[in-house]
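My numbering numbers the first residue of the sequence shown as 1 and each following residue consecutively. By construction, the Cβ of each residue, glycine as well, lies at the ideal position given by its N, Cα and C atoms. Following: one structure in structure tokens, then a few remarks.
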Amino acid sequence: MKTINEALNWRYSTKVFDPSKKIADEDFAQIKNLLQMSPSSTNIQPWSFVIADDDAGKARIAKSTQGAFHFNTPKVVDASHVVVFCTRIHADDEYMQAVLTKEDEDGRYAQPEFKTQMHQARQMFLDIHRYDVKDEPHWLAKQVYLNMGSVLLGAALLGIDTVPMEGVDLQALDEEFDLRSKGYSAVAVISFGYRNHDDFNAEIPKSRLGEEAIFTKA
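Below you can see the structure in the form of structure tokens.
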């Protein structure tokens with residue numbers, strides 16, 4: 001297992017995957033655990049994931065790279081696994097109750113009033129974004145991006161290469177997997193696998209703004 005600093009310096013956006021290398025089941029089980037256990041505001045968990053681990057599944061996702069995004073097709077078809085990250089379009093009452101019920105079943109509430117308080121707090125934040133800020137779908141999508149950040153670092157710690165992609169046809173993904181009828185919409189795709197030895201991007205030095213540019217002492 002790499003340290004965090006080692007993982008941060010080792011990882012990069014993989015441009016060429018080795019199609020002959022497959023992620024072991026036990027390693028991808030850890031990736032799925034990262035997806036499931038990611039933090040989210042008020043634990044609202046507004047995500048769903050479409051996972052492709054074979055040629056047929058990857059071909060379905062690759063439909064979203066046709067045309068303007070053709071340059072991303074190899075990153076889908078040559079990867080070991082590909083995940084479509086989806087966000088809830090709205091957190092309706094049924095969904096909110098489902099989250100609350102699952103928390104209760106998992107033993108998060110020692111007293112009934114704690115459950116009521118949690119529901120009220122989560123509904124308050126949702127209402128702020130639904131009625132005041134009026135950005136509910138965007139707020140929910142931001143939670144999915146938190147998830148993406150967690151899984152990118154976690155994969156690097158496991159020595160698994162990744163590339164996050166917004167360069168896909170999101171409507172095509174919604175239609176291919178009938179996401180909107182289920183209350184979801186695609187926001188991005190991440191491919192997982194192992195870098196090819198001739199991936200040019202692996203040899204390019206990292207560049208980040210210096211500490212003096214990004215940190216301010218309070």
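Quiz item: What are the boundary residues of the beta strand (DSSP E) that ILE190 is part of?
Solution: Stepping through the sequence shown from its first residue, residue 190 is reached at position 190. From DSSP, the beta strand (DSSP E) with ILE190 extends over 184-193.
Quiz item: Exposed or buried, GLN229, counting other C-beta atoms within 10 Å across all chains shown (16 or more means buried)?
Solution: No answer is possible for residue 229: it lies beyond the span of the chain, which begins at 1 and ends at 218.
Quiz item: Which partner residues does ILE51 have in the DSSP bridge list?
Solution: Taking the sequence shown and counting its residues from 1, one reaches residue 51 at position 51. ILE51 pairs with VAL83.
Quiz item: Does DSSP put PHE215 in a helix, a strand or coil?
Solution: Stepping through the sequence shown from its first residue, residue 215 is reached at position 215. PHE215 falls in the coil class under three-state DSSP.
Practice problem: Please determine, among ASP53, LYS75, VAL151, VAL187, the residue with the shortest C-alpha to C-alpha distance to ALA172. | Solution: Counting from one through the sequence shown, the residue named residue 172 turns up at place 172. The shortest Cα separation from ALA172 among ASP53, LYS75, VAL151, VAL187 belongs to VAL187.
Quiz item: Going along the chain, which residues of its own chain have a beta-carbon closer than 6 Å to the beta-carbon of PRO83, five neighbours each way excluded?
Solution: What you label residue 83 is simply residue 83 of the sequence shown in a count that begins at 1. Residue 83 is actually Val in this sequence, not Pro. Correct list, in chain order: PHE49, ILE51, ILE190.
Self-check item: Residue closest to PHE85, alpha-carbon to alpha-carbon, out of MET124, VAL151, VAL133, VAL99
Solution: Here residue 85 corresponds to residue number 85 of the sequence shown, with the count starting at 1. PHE85 has its Cα closest to that of VAL151, out of MET124, VAL151, VAL133, VAL99.
Quiz item: If you run the structure through DSSP and keep just helix, strand and coil, what is PHE177?
Solution: Locating residue 177 in the sequence shown gives position 177, where the first residue counts as 1. If DSSP states are grouped into helix, strand and coil, PHE177 belongs with coil.
Practice problem: Out of ILE31, VAL168, ILE4, ALA98, state which residue places its alpha-carbon closest to the alpha-carbon of THR65. | Solution: The residue labelled residue 65 in the question sits at position 65 within the sequence shown. Nearest C-alpha to THR65: VAL168.
Exercise. Output the residue ranges of the beta strand (DSSP E) runs that lie fully inside the region 71-153 and measure 3 residues or longer, sorted by chain position.
Key: 81-88
Quiz item: Helix or strand or just coil, what does DSSP make of THR42?
Solution: For the purposes of this step, residue 42 is taken as residue 42 along the sequence shown, with counting starting at 1. Helix at THR42.
Quiz item: Leaving out the 5 sequence neighbours to the left and right, which residues in its chain are closer than 6 Å to ARG195 when beta-carbon positions are compared?
Solution: Reading the sequence shown from its first residue, position 195 is the one you call residue 195. Counting only Cβ-Cβ distances below 6 Å, and skipping sequence neighbours, we find THR14, ASP161, ALA202.
Practice problem: With distances taken Cα to Cα, identify the nearest neighbour of ILE61 among PHE177, ARG208, LYS134. | Solution: By one-based count along the sequence shown, residue 61 stands at place 61. Of the candidates PHE177, ARG208, LYS134, the one whose C-alpha sits nearest the C-alpha of ILE61 is PHE177.
Practice problem: Just the C-alpha distance for PRO53 and PRO137, rounded to the nearest angstrom, thanks. | Solution: Taking the first residue of the sequence shown as 1, we reach residue 53 at position 53. Taking the first residue of the sequence shown as 1, we reach residue 137 at position 137. A small correction: the amino acid at residue 53 is Asp; Pro does not occupy that position in the sequence shown. Their Cα atoms are separated by approximately 29 Å.
Quiz item: Does the distance from the CB of TRP47 to the CB of SER41 come in under 9 Å?
Solution: Counting from one through the sequence shown, the residue named residue 47 turns up at place 47. Counting from one through the sequence shown, the residue named residue 41 turns up at place 41. In this structure, SER41 does not lie closer than 9 Å to TRP47 by Cβ.
Quiz item: Helix, strand or coil: how does DSSP classify MET37 here?
Solution: Within the sequence shown, numbered from 1, the residue matching residue 37 stands at position 37. Of the three classes helix, strand and coil, the one that applies to MET37 here is helix, per DSSP.
Practice problem: Quick one: give me the first and last residue of the alpha helix (DSSP H) that ILE4 is part of. | Solution: Stepping through the sequence shown from its first residue, residue 4 is reached at position 4. Its alpha helix (DSSP H) spans residues 4-10.
Quiz prompt | Top-ranked residue by Cα proximity to VAL77, from ILE44, SER20, MET96 | solution = The residue you call residue 77 lines up with position 77 of the sequence shown. Of ILE44, SER20, MET96, the residue nearest in Cα terms is SER20.
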